[in-house]
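Per this note's numbering, the sequence shown starts with residue 726, numbered consecutively.
The beta-carbon is built from N, C-alpha and C at its ideal position, and this holds for glycine as well.
Here is the structure we will look at, set down as structure tokens.
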Amino acid sequence: MGGKKDVSEPVAGQAGRGGRKAAAAAAIAILLLAAAAYALHLMPGPQPGGNADLTKCGKAMGLISTALVRWSASKEPGAAYPDSLEDLSAAGFLERGPLSCPLGGRYVIEAGMSPDMPLGAVLVWEDGAAHRVEIEGRANRLVVHYVSCTARLHAFIQEIGPDGEEKAAGRLRARIDSLLSRQRRGGDLLKRARLDAAGTREEAAAVLRRGADPVECAFAACAAGYAGWGDLAPELAALASSGPMEPAEPHFSAAMALSRFGKPGGEKVLAAALGAEDYQVRKAAFEALRKAAGEDFGYAPFLPSGELAAAAARWAEWAGRAGR
Ligand SMILES: [Zn+2]
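Quick look at the structure:
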């Protein structure tokens, strides 16, 4: 990969404005993000004797993940991601531009997205390609990679059933299409909430009370946080304390919105997120918790895994005592 020289570029601008200490902290944070993004190149790892296709495609998408992290590090908070991957390449964040899968699929970025969208929202996906791979010793599985809003690489995985590869690939495509269309509805609500457009509070409240669609709930919770609809705190607290964390992490979005209002109800979700794989998720959760508790319990998002788990356990205990 490009290495340290490349990732230091966004830091140079910050060093000019801030103190040496702040610049050093920013440099460490960006290097950690880059390291995390680079680690994604290896995920999911190549299996003995196969899966070269998956590795090549994963590496190309890992480069896109890295470029997106660097893009967001170089912009003001809340700035939008580029609307095309060509822009990412033209701005010098994506060398040699791996804009297509080495096996033929084309990578597509969803327009109008920014780093503060709900976790897990699909940002980049592969148009039209699914790779047949072996995972954990099981052959005949199909994978479509995507990159989420925290610039993590994920994969939709589907077994190839007796009805064959083509139908299974079609089902994978349908899952991504369905997720994207729900995401677009939610993204529209979030956009209008940022503009403070009339009527959106009622829409967000209705989505949160219905609670049917996790993707729309996540966007409604984000919209509530941005627009400052603190009177939706009971709905958000109910969302923060319910159900599994899939697929766009509505519970985390609800907890973050409550934190913005300085209201309780999201502590347990945030404490659980301190152990998340994603550095940016851990960092966001920690900042919200530290604001609520006024201390850090020895936690820092960049700690090695053993210390991280121990400190996260102290936070989990605190969240249990907060008992909401
Ligand atoms: Zn591919």
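Residue i and residue j closer than 8 Å at C-beta
i            : j            : result
residue 1023 : residue 1038 : no
residue 789  : residue 847  : no
residue 874  : residue 826  : no
residue 1043 : residue 1018 : yes
residue 950  : residue 1001 : no
residue 974  : residue 845  : yes
residue 910  : residue 881  : no
residue 858  : residue 779  : yes
residue 839  : residue 817  : no
residue 814  : residue 828  : no
Top-ranked residue by Cα proximity to residue i, from the options
i            : options             : result
residue 1025 : 1016, 1011, 1019    : 1011
residue 856  : 898, 818, 843       : 898
residue 1005 : 780, 798, 963, 784  : 798
residue 889  : 952, 849, 867       : 867
residue 795  : 824, 776, 820, 778  : 820
residue 832  : 901, 810, 842, 876  : 810
residue 957  : 926, 851, 1021, 896 : 926
Backbone CA spacing between residue i and residue j [nearest angstrom]
i            : j            : result
residue 771  : residue 1046 : With a pLDDT of only 37 at residue 771, under 50, the local geometry of the prediction cannot be trusted, and the value read off the model is given with reservation. For residue 771 and residue 1046, the distance between alpha carbons rounds to 44 Å.
residue 767  : residue 1031 : Here the model assigns residue 767 a pLDDT of 38, short of 50, so the residue's position is not dependable and the matter cannot be decided.
residue 773  : residue 865  : Reliability of the predicted coordinates at residue 773 is poor, the pLDDT of 36 falling under 50, and no value is obtained from them.
residue 986  : residue 918  : 16 Å
residue 923  : residue 807  : 28 Å
residue 946  : residue 991  : 12 Å
residue 834  : residue 943  : 20 Å
residue 1008 : residue 854  : 34 Å
residue 1029 : residue 988  : 31 Å
residue 1040 : residue 893  : 42 Å
residue 929  : residue 908  : 14 Å
residue 786  : residue 904  : 19 Å
residue 1033 : residue 1027 : 8 Å
residue 760  : residue 877  : Its pLDDT being 48, under 50, residue 760 is placed unreliably by the model, and nothing is read from it.
residue 948  : residue 869  : 29 Å
residue 734  : residue 812  : Low confidence applies to residue 734: its pLDDT is 25, below 50, so where it sits in the model is not reliable, and the reading given next is rough at best. Roughly 17 Å separates the two Cα atoms.
residue 837  : residue 793  : 14 Å
residue 756  : residue 791  : In this predicted model, residue 756 has a pLDDT of only 48, less than 50, meaning its place in the structure is not dependable; the value taken from the coordinates is given anyway. Roughly 11 Å between the two C-alpha positions.
residue 784  : residue 977  : 29 Å
residue 993  : residue 860  : 33 Å
residue 841  : residue 849  : 15 Å
residue 764  : residue 879  : In this prediction, residue 764 has a pLDDT of 41, which is less than 50 and means its spatial position is unreliable; nothing more can be read from the coordinates.
Whole-Å CB distance - residue i paired with residue j, under 8 Å assumed
i            : j           : result
residue 965  : residue 979 : 4 Å
residue 961  : residue 933 : 7 Å
residue 952  : residue 921 : 6 Å
residue 1016 : residue 984 : 7 Å
residue 851  : residue 830 : 4 Å
Pocket of ligand 1 (residues with CB nearer than 6 Å to any heavy atom), chain order: Selection output, chain order preserved: 782, 826, 828, 830, 851, 854, 856.
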